[in-house]
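*Asks:* Under the working numbering, the first residue of the sequence shown carries the number 547, and numbering increases by one thereafter. Built from N, CA and C at the ideal position, the CB exists for glycine as well. Below you will find the structure I want to go over with you.
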Amino acid sequence: MKNPFLKTMLVATTMLVAAGAAHAQGVLNVGNGGEPGSLDPHQISGTWESSIARDQFLSLYTEAADGTIIPGAAESHSVSDDGLVYTFTIRDHNWSDGTPVTAHDFEFSFKRILDPATAASYAYLMYTIAGGESFNGGEGSMDDVQVRAVDDKTLEVTLASPAPYFIAQTTHNTAYPVPKHVVEALGDEWSRPENIVVNGAFKVSEWTIGEKLTVTKNPGFYDAANVSLDAVSFYPIEEASQELNLFREGQLDVTSTIPPGDAMYALADEFGDELYVTPYGGTYYYAFNATMAPYDDPMVRSALSMAIDRDRITTDVS
């Protein structure tokens, strides 16, 4: 039995947000936990990178402040009776260089992240798309990937099997669009700060390695009127205690890098309403070495699995 303790749950992410943060100057200062390795949403793998990508790119669907899934680059979608074919209507909006975002950008992007040459860490999340796994594994071709731009405003995606979670999956950075015209023109150089073109609420304006990365409001964003911040600065602080101290000193408005242990309870007493515990979907498991005793015995692994009180975890933990 592989991964007998496999458990998907809604876990908690702890975050400190300073009261009245950023409203005076219009800049939100965020402790980000690490230096991004790339601004290309198909090349990233860390939460510190996805936080930046989320501000710069708008996928078909996105998450509201309360975690509900709402339309993003797609105005709407429909699903075939067999649950396999999703048809999206792309809303009228532009890339930051003024070029319209089209269904062709999404077809290009979905096939790009599945391309073995892209070597995307999370390409496997797109295996829900018919032909995606075989293409990414080097056995199929790009033409086998069942993503098609019917026209500029209509995107058709056929799944390998019904996946009721597919719309939620489109909120992940693996499904973020990249500008086809820019990537084809510049190749890997497209995501450099001086070249990058985005369709989200913010666009990188400054990046000093080891100090901070700042994204500023994208005036061409389709919903710019409802973006209240002028900029967000991300600080690559890897030491949790240092980041927390900077928050205490007022140099950071937001930190989600909380030291381990019982620190959260002490922080609740210290910061009160500035402490937020937010839901976060994640999968946690214990993997046993099935080649070594006693875990090489299927009965032992089965017994360990049966010993888990799943009802209590579901009720009291997740």
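Name, in chain order, the residues that DSSP records as bridge partners for Ile616.
*Replies:* The partner list for Ile616 (beta bridge, DSSP) reads Thr608.
*Asks:* State the DSSP-derived secondary structure class of Ala695, mapped to helix, strand or coil.
*Replies:* Note: Ala695 maps to strand in three-state DSSP.
*Asks:* For the beta strand (DSSP E) that contains Ser751, what are its first and last residues?
*Replies:* 748-754 is the span of the beta strand (DSSP E), which, as asked, contains Ser751.
*Asks:* Can you tell me whether Leu775 is helix, strand or coil according to DSSP?
*Replies:* Looking at Leu775 - three-state DSSP - the assignment turns out to be coil, as it is neither helix nor strand.
*Asks:* Counting pairs of Cβ atoms below 8 Å between the segment 627-639 and the segment 702-712, do you hit three or more?
*Replies:* Yes: the two stretches touch, three or more of their Cβ pairs being nearer than 8 Å.
*Asks:* Considering only C-alpha positions, which residue in the set Glu789, Val761, Gly766, Ala649 is nearest to Ala777?
*Replies:* It is Val761 whose Cα lies nearest to the Cα of Ala777.
*Asks:* Tell me whether Thr635 sits in a helix, a strand or coil according to DSSP, three-state version.
*Replies:* Residue state, collapsed to three classes: strand.
*Asks:* Looking at C-alpha atoms only, which residue of Asp799, Ala610, Tyr822 is the closest neighbour of Met810?
*Replies:* Taking only the C-alpha atoms, the option nearest Met810 is Tyr822.
*Asks:* Is Ser605 closer than 8 Å to Val744 when the C-beta atoms are compared?
*Replies:* No, the pair does not count as a contact, with Cβ atoms beyond the cut-off.
*Asks:* Shortest alpha-carbon distance to Pro646 belongs to which of His718, Thr803, His727?
*Replies:* When each option's Cα is compared against that of Pro646, the closest is His727.
*Asks:* If you compare alpha carbons, which of Ile854, Gly579, Ser596, Gly580 is closest to Pro587?
*Replies:* Among Ile854, Gly579, Ser596, Gly580, the Cα nearest to that of Pro587 is on Ser596.
*Asks:* Should Asp601 be labelled buried (16 or more other beta-carbon atoms within 10 Å of its own) or exposed?
*Replies:* Buried, because 16 or more other Cβ atoms sit within 10 Å of the Cβ of Asp601.
*Asks:* Spatial neighbours of Gly517 within its chain, please: CB distance less than 6 Å, with the 5 preceding and 5 following residues excluded, ordered by chain position.
*Replies:* Any question about residue 517 goes unanswered here, given that the chain covers just 547 to 864.
*Asks:* List the residues that DSSP assigns as beta-bridge partners of Ile675.
*Replies:* DSSP, once it has assigned bridges, lists Leu705 as partnering Ile675.
*Asks:* Pick helix, strand or coil for Ser667, following the three-state DSSP scheme.
*Replies:* It is coil, neither helix nor strand.
*Asks:* Of all the options Thr648, Asp651, Ala649, Gly678, which has the alpha carbon lying nearest to the alpha carbon of Asp661?
*Replies:* When only C-alpha atoms are compared, the closest one is Gly678.
*Asks:* For Tyr768, which of helix, strand or coil comes out of DSSP?
*Replies:* In the structure shown, Tyr768 sits in coil (DSSP, three-state: anything other than H, G, I, E or B).
*Asks:* Within the same chain, show all residues whose beta-carbon is closer than 7 Å to that of Leu671, passing over the 5 residues directly before and after it, in chain order.
*Replies:* Correct list, in chain order: Gln715, His718, Thr720.
*Asks:* For Asn575 and Gln797, which I take to be in contact (beta-carbon distance under 8 Å), what is that distance rounded to the nearest angstrom?
*Replies:* Indeed, because the Cβ distance is near 7 Å, the residues count as touching under 8 Å.
*Asks:* Looking at Ala649: is its Cβ nearer than 8 Å to the Cβ of Asp698?
*Replies:* Yes, the pair counts as a contact, with Cβ atoms nearer than the cut-off.
*Asks:* Looking only at C-alpha atoms, which of Pro840, Gly577, Gln571 sits nearest to Glu784?
*Replies:* Out of Pro840, Gly577, Gln571, Gly577 has the C-alpha closest to the C-alpha of Glu784.
*Asks:* When burial is assigned at 16 or more other CB atoms within 10 Å of the CB, is Gly818 buried or exposed?
*Replies:* Answer is exposed; the Cβ neighbour count stays below 16.
*Asks:* So is Gly613 buried or exposed if we call it buried at 16+ other beta carbons inside 10 Å?
*Replies:* The residue is exposed, with fewer than 16 neighbouring Cβ atoms inside 10 Å.
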